[in-house]
Amino acid sequence: MISPPERSLHFPASQARLAGFLIALLWCASAQAAEWSNTEIQLQVGNLDVPSFAGGGSADHVIYTIQHASGWKYGDNFFFVDVLDSNRPGFQDFDLYSELYANLSLGKINGKAIGAGPISDVGLLGGFNWAADANVRKYVAGTRLTLDLAGFAFANLDIAALVDDSEGLASGGAPAEDNTVLIDFNFARPFKIGDADFSIEGHIEYVGERTNELGGTVEAWILAQPQLQWHLNDRIALGIEYQFWMNKLGDGDTDESTVQALLVWEF
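In the numbering used here, the protein residues as written are 1179 to 1445.
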């Protein structure tokens, strides 16, 4: 297990906002020159744990997700928006959560491969995370290692600073937090059984320990969300998502392990 950082990463909020503005400009520019793109709507249904600070126990959830990935001359982009609806009043009974990332490929910019061994490329990664009910804004700034793994459609290892730019309790949201580190492995691995097409895809992330504005400790967490998809055709897939979340949302009293039903429509 990765040890949490000994101190918060220093990244002024003004610089974080500038980084966010540059990410938005990069996204808009790349959208005009996309070489490929993939957009999906996903529906997930399951019973998820509720952190102890929100009352504990569990709640039935329906999650609607739209996600998009695209590539262009100098890199690639990805975003998703979750609409979360639970039967627990006051906790994700209707909430929005979104993440957006833009990656600049140094190999594409340089015009020749950068990397060695399983690393086929190195990129500069920027991103933005947002949660509606908690009024959370976080920026991501770091590097992406593109991995050449046999049989994988793609595999990336992202190593970045996670910079909190939330207004915290003063805005009626969740307590603001110190900055920390984010490490994420995201992947897709297609395979066949007979004539049937399947894939395992998703991500595994580590977020380091940090302190919130009340002086409390937000525990480091590990979140894994692999999906097993059975592709009925080029558009529709059925499957499951297994969610493992150690210290869910930084709560040291909540470790989640659950399976959700999954429907995917690609267009």
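All C-beta atoms in this analysis are idealised placements derived from N, C-alpha and C, irrespective of residue type, glycine included. Note that the structure is predicted; figures quoted are calculated from it, not measured.
_Using a 10 Å radius around the Cβ and a threshold of 16 neighbouring Cβ atoms, would you call residue 1267 buried or exposed?_
exposed
*Taking the alpha carbon of residue 1342 as the point to measure from, which residue in 1305, 1335, 1401, 1327 has its own alpha carbon closest?*
1305
*DSSP three-state assignment for residue 1272, whether helix, strand or coil*: Of the three classes helix, strand and coil, the one that applies to residue 1272 here is coil, per DSSP.
*Can you name the residues that DSSP bridges to residue 1422?*
Answer by DSSP bridge pairing, in chain order: 1402, 1435.
*Are the beta-carbon atoms of residue 1353 and residue 1391 separated by less than 8 Å?*
yes
*Measure from the alpha carbon of residue 1387 to the alpha carbon of each residue in 1381, 1396, 1380, then state which is nearest.*
1396
*Taking residue 1356 as the reference, which of 1393, 1381, 1334, 1426 has the closest Cα?*
For the residues 1393, 1381, 1334, 1426, the minimum Cα distance to residue 1356 belongs to 1393.
*Considering only residues of the same chain and omitting the five flanking positions on each side of residue 1445, which have a CB-CB separation below 8 Å?*
Around residue 1445: 1217, 1218, 1219, 1413.
*When 1322, 1270, 1225 are compared against residue 1282, the one with the closest alpha-carbon*: 1322
*Top-ranked residue by Cα proximity to residue 1121, from 1231, 1246, 1398*: Only positions 1179 to 1445 of the chain appear in this structure, which leaves residue 1121 out of reach.
*Presumed contact (8 Å Cβ cut-off) between residue 1302 and residue 1336, rounded CB distance*: 11 Å between Cβ atoms; not a contact.
_residue 1272 classed as buried or exposed, judged by whether at least 16 other C-beta atoms fall within 10 angstroms_ = exposed
*Can you tell which of 1286, 1314, 1263, 1240 has its C-alpha closest to the C-alpha of residue 1346?*
1314
*For residue 1231, which three-state DSSP category applies?*
helix
*What's the call for residue 1124, buried or exposed, on a 16-neighbour Cβ count within 10 Å?*
No statement about residue 1124 is possible, as the shown extent of the chain runs from 1179 to 1445 and does not include it.
_Is it buried or exposed, residue 1443, if we count other Cβ atoms within 10 angstroms and call 16 or more buried?_
exposed
*Is the Cβ-Cβ distance between residue 1406 and residue 1378 less than 8 Å?*
Result yes, Cβ atoms of residue 1406 and residue 1378 sit closer than 8 Å.
*Round the Cβ separation of residue 1296 and residue 1325 to the nearest angstrom and send it over; I've been treating them as touching at under 8 Å.*
5 Å
_Beta-carbon separation (whole angstroms), residue 1241 vs residue 1274, contact threshold 8 Å_ = Not really, about 11 Å apart at Cβ, beyond 8 Å.
*Thinking C-beta only, is residue 1423 closer than 8 Å to residue 1374?*
no
*With 16 other CB atoms within 10 Å as the buried threshold, where does residue 1426 fall?*
buried
_Quick check: residue 1222 and residue 1366, are their CB atoms within less than 8 Å of each other?_
no
_For the alpha helix (DSSP H) containing residue 1288, name the first residue and the last one._
1284-1288
*Name the two residues that bound the continuous beta strand (DSSP E) containing residue 1368.*
1358-1371
*When the distance is taken between beta carbons, is residue 1269 closer than 8 Å to residue 1312?*
no
*asked:* The beta strand (DSSP E) that contains residue 1334, what's its start and end?
replied: Where residue 1334 is concerned, the enclosing beta strand (DSSP E) stretches over 1332-1342.
*Assuming residue 1351 and residue 1344 form a contact by the criterion Cβ under 8 Å, report the distance between their Cβ atoms to the nearest whole angstrom.*
6 Å
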